[in-house]
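Trainee: The structure's right below; bear with me while I get my questions together.
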Amino acid sequence: PPYNPSTISLSFDQILDIGIISVPLILVISAFAGFVTAIQGAYQLTPEIPRYFLGASVEKIMVMELSPVLVGLIVTGRAASSIAAEIGAMRTTEQIDALEVMAIDPIRFLARPRIIGGAISLPLLTVISIVVSLGSALILSSSILGVPIATFIYGIRSYFEPLDLIGGLTKSFFFGIILASFGCFFGLGVRGGAKEVSQAATSAVVYSSIMILVFDFLVASIFYA
């Protein structure tokens, strides 16, 4: 069957491997992304612009664009290469051939759980990134940039639209599918030894990163054009 206990268990393992292990890195990078975005936003403010626009601008940038893309590229560098290397190593050691001999489809057994795991993990990581980046921007704005907490939050609440979050999470969903799919594709395509496995891991990261930026443009055009 398409979804059996084995598939669910394998997919859950991939959610842990792709998502949970990436959380510490996402926390650190998102915090500094929030700091930088707040500083850049404050630099653009003039006396004529209300200070609550800083909260609004940080929210728009992080939710709609920066958090989804940052998470996508970060996880691509860690997970897409890992998937390609793992499956490539299985190919070179004939483990995949053994699966085929036992009439087990490698696509269903290896690729599908990883794609499902990526599609679920990336939106969850993006939500974490958004919360952390807005929190760090709030702390910096109130402590250094002279924007009161209530003013910053007012800007976020006044200009937040559900479509902002829907668009950002839609991007992340596709980013997760992309990075896992390219990792599996290049891993399954390995023919040879350790050198080919290394090349597959590199190719998975490069092509996933390119396609993430392409889909970022496409989804943004659909939701925000």
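So for the sequence shown, this note's numbering puts the first residue at 40; every next one is plus one.
We put the CB at the ideal spot given by N, CA and C, even for glycine.
Report the rounded CA-to-CA distance for V171 versus F212, giving the unit in angstroms.
Mentor: Stepping through the sequence shown from its first residue, residue 171 is reached at position 132. Stepping through the sequence shown from its first residue, residue 212 is reached at position 173. In a straight line, the C-alpha of V171 is about 19 Å away from that of F212.
Trainee: Tell me, please, whether the stretch 98 to 109 touches the stretch 73 to 81 by the rule of three or more beta-carbon pairs shorter than 8 Å.
Mentor: yes
Trainee: Mind the definition here: the stretch 140 to 154 touches the stretch 246 to 262 only if three or more C-beta pairs lie below 8 Å; say whether that holds.
Mentor: Because the criterion of three Cβ pairs below 8 Å is not met, the stretch 140 to 154 and the stretch 246 to 262 do not touch.
Trainee: By DSSP, does F254 sit in helix, in strand, or in coil?
Mentor: Translated into the one-based positions of the sequence shown, residue 254 becomes position 215. Helix, per DSSP.
Trainee: Return the chain-ordered list of same chain residues with a C-beta closer than 8 Å to the C-beta of L208, the five sequence neighbours on each side being excluded.
Mentor: If you number the sequence shown from 1, residue 208 lands on position 169. Cβ within range, chain order: P107, P162, T165 and V166.
Trainee: In this structure, how does DSSP classify E87 when only helix, strand and coil are distinguished?
Mentor: The residue labelled residue 87 in the question sits at position 48 within the sequence shown. Reduced to three states, the DSSP call for E87 is coil.
Trainee: By DSSP, does G156 sit in helix, in strand, or in coil?
Mentor: To locate residue 156, count along the sequence shown from 1; it is residue 117. Helix at G156.
Trainee: Give me the Cα-Cα distance between S121 and T190, rounded to the nearest whole angstrom.
Mentor: As a first step, residue 121 must be located in the sequence shown, where it is residue number 82. As a first step, residue 190 must be located in the sequence shown, where it is residue number 151. The alpha-carbon atoms of S121 and T190 are separated by roughly 43 Å.
Trainee: Got a sec? Which residues, its chain only, sit under 7 Å from T115 by beta carbon, not counting five neighbours each side?
Mentor: Working through the sequence shown from its first residue, we reach residue 115 at position 76. Excluding positions up to five away in sequence, the list reads L218, V244, S247, S248 and I251.
Trainee: From the beta carbon of V110, is the nearest beta carbon of chain B less than 9 Å away?
Mentor: This model lacks chain B altogether, as it is built from one protein chain only.
Trainee: Given a cut-off of 9 Å on the beta-carbon distance, is the pair A158 and L109 in contact?
Mentor: Your numbering for residue 158 matches position 119 in the sequence shown. Your numbering for residue 109 matches position 70 in the sequence shown. Not in contact: A158 and L109 (Cβ atoms no closer than 9 Å).
Trainee: Counting only the same chain and skipping the five closest in sequence on each side, list residues whose C-beta sits under 8 Å from that of L112.
Mentor: Along the sequence shown, one-based indexing puts residue 112 at 73. Hits under 8 Å: S248 and I251.
Trainee: Since G35 and F92 should fall inside the 8 Å C-beta cutoff, what is the C-beta to C-beta distance between them, to a whole number of angstroms?
Mentor: Beyond the ends of the chain as shown, which are 40 and 264, falls residue 35; an answer cannot be given.
Trainee: Which value, in whole angstroms, describes the spacing of the CA atoms of S48 and G127?
Mentor: Counted from its first residue, the sequence shown places residue 48 at position 9. Counted from its first residue, the sequence shown places residue 127 at position 88. In this model, S48 and G127 are separated by some 22 Å (Cα to Cα).
Trainee: Is the beta carbon of I261 less than 9 Å from the beta carbon of S160?
Mentor: For this step, residue 261 is matched to residue 222 along the sequence shown. For this step, residue 160 is matched to residue 121 along the sequence shown. Cβ atoms of I261 and S160: not closer than 9 Å.
Trainee: Quick one: grab the DSSP three-state call for D56.
Mentor: To locate residue 56, count along the sequence shown from 1; it is residue 17. It is helical.
Trainee: Report the residue from L84, L149, I192 and V97 whose alpha carbon sits nearest the alpha carbon of F221.
Mentor: As a working mapping, residue 221 is identified with position 182 in the sequence shown. With distances taken between Cα atoms, F221 lies closest to L149.
Trainee: For the stretch 230 to 243 against the stretch 137 to 144, do three or more pairs of beta-carbon atoms, one drawn from each stretch, fall closer than 8 Å, so that the two count as touching?
Mentor: Touching, no, given that fewer than three Cβ pairs across the two stretches are closer than 8 Å.
Trainee: Let me check understanding here. Comparing Cα to Cα, which of K234, I205, I59 and R230 lies closest to A259?
Mentor: Numbered from its first residue, the sequence shown carries residue 259 at position 220. For the residues K234, I205, I59 and R230, the minimum Cα distance to A259 belongs to I205.
Trainee: From what residue to what residue does the alpha helix (DSSP H) around A123 run?
Mentor: Residue 123 sits at position 84 when you count from the first residue of the sequence shown. Run containing A123: S120 to T131, per the alpha helix (DSSP H) assignment.
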